[in-house]
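These notes are about the structure you will find just below.
Residue numbers (this note's numbering): 165 to 357.
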């Protein structure tokens with residue numbers, strides 16, 4: 165954080181407290197692999213002002229090429245979607261690729277301006293029989309939904325998500341919970357919590 169041209173000492177929780185004279189001050193907030201934010205803040209006599217700022221990661225369009233092509237892409241344990249062109253965060257990350265009937269592959273990748281394609285080839289898991297995913301429509305008024313602790317990226321109220329047979333704990337960002345059991349051969353399901 166740079167405030168009025170002076171770089172501030174970092175704190176463990178990312179907060180800064182300053183006593184300043186009344187006036188207008190420029191600030192810059194920067195972090196590695198994130199977009200900087202700049203602005204000004206005006207403070208009048210006796211006023212206490214709080215600024216809450218969240219930096220967005222720098223994203224790059226990356227083609228994640230995979231065999232099989234319907235594999236799911238996780239970056240630092242967060243689901244980013246199906247293999248293809250994805251907006252991935254800049255920096256060094258752990259990427260995991262999963263597909264039903266295949267052994268998952270995980271590796272450390274560095275994503276920057278020069279990263280255009282990442283290629284993966286999964287090996288068949290000979291111990292897995294052919295099981296089909298079940299479409300589950302999730303109705304919930306919160307902003308985010310989590311499946312067994314992992315955020316379902318891009319989810320919106322009423323979205324349909326594919327689930328392999330198994331037991332899942334769905335949670336939302338308001339503390340709501342739903343235990344979902346998906347059985348082999350189930351018809352499309354709808355849940356609300």
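Just so it is clear, CB atoms sit at the ideal spot from N, CA and C, and this is done for glycine as well.
Fair warning: this is a prediction, and the values are worked out from it, not measured in the lab.
Same chain only: Cβ atoms within 7 Å of residue i, ignoring 5 sequence neighbours per side
| i | result |
| --- | --- |
| residue 241 | 314 |
| residue 289 | 265, 266 and 267 |
| residue 193 | 165, 200, 201, 217 and 219 |
| residue 198 | 219, 220, 221 and 222 |
| residue 186 | 207, 208 and 209 |
Coil, strand or helix - residue i by DSSP
| i | result |
| --- | --- |
| residue 349 | coil |
| residue 180 | coil |
| residue 185 | coil |
| residue 339 | coil |
| residue 227 | strand |
| residue 210 | coil |
Counterpart residues of residue i in DSSP-defined beta bridges
| i | result |
| --- | --- |
| residue 280 | Partner(s): none; residue 280 has no beta bridge. |
| residue 246 | 236 |
| residue 289 | Answer by DSSP bridge pairing: none, since residue 289 is not bridged. |
| residue 222 | Residue 222 pairs with nothing; no bridge assigned. |
| residue 269 | 261 |
| residue 167 | 170 and 191 |
| residue 198 | 221 |
| residue 204 | 190 |
| residue 255 | 275 |
| residue 333 | 343 |
Cutoff 6 Å; reference residue i; Cβ partners in own chain excluding five residues on either side
| i | result |
| --- | --- |
| residue 356 | 303 |
| residue 190 | 204 |
Spatial neighbours of residue i in its chain, beta-carbon cut-off 8 Å, leaving aside the 5 residues before and after
| i | result |
| --- | --- |
| residue 234 | 246, 247 and 263 |
| residue 270 | 258, 259, 260 and 261 |
Sufficient close CB pairs (3 or more, under 8 Å) joining the region 257–266 to the region 319–326: no
Count Cβ pairs between the region 344–357 and the region 301–312 that sit closer than 8 Å; are there 3 or more? Judged by Cβ distances under 8 Å, the region 344–357 makes contact with the region 301–312, as three or more pairs qualify.
Tell me, please, whether the region 232–247 touches the region 215–224 by the rule of three or more beta-carbon pairs shorter than 8 Å. no
Say whether the region 227–236 touches the region 271–287, bearing in mind that this needs 3 or more beta-carbon pairs closer than 8 Å, one atom from each stretch. Contact holds: three or more Cβ-Cβ distances are below 8 Å.
Please go through the region 300–328 and give each complete alpha helix (DSSP H) segment of 4 or more residues, from N-terminal end onward. At a cut-off of 4 residues, not a single continuous stretch assigned as alpha helix (DSSP H) sits fully inside the region 300–328.
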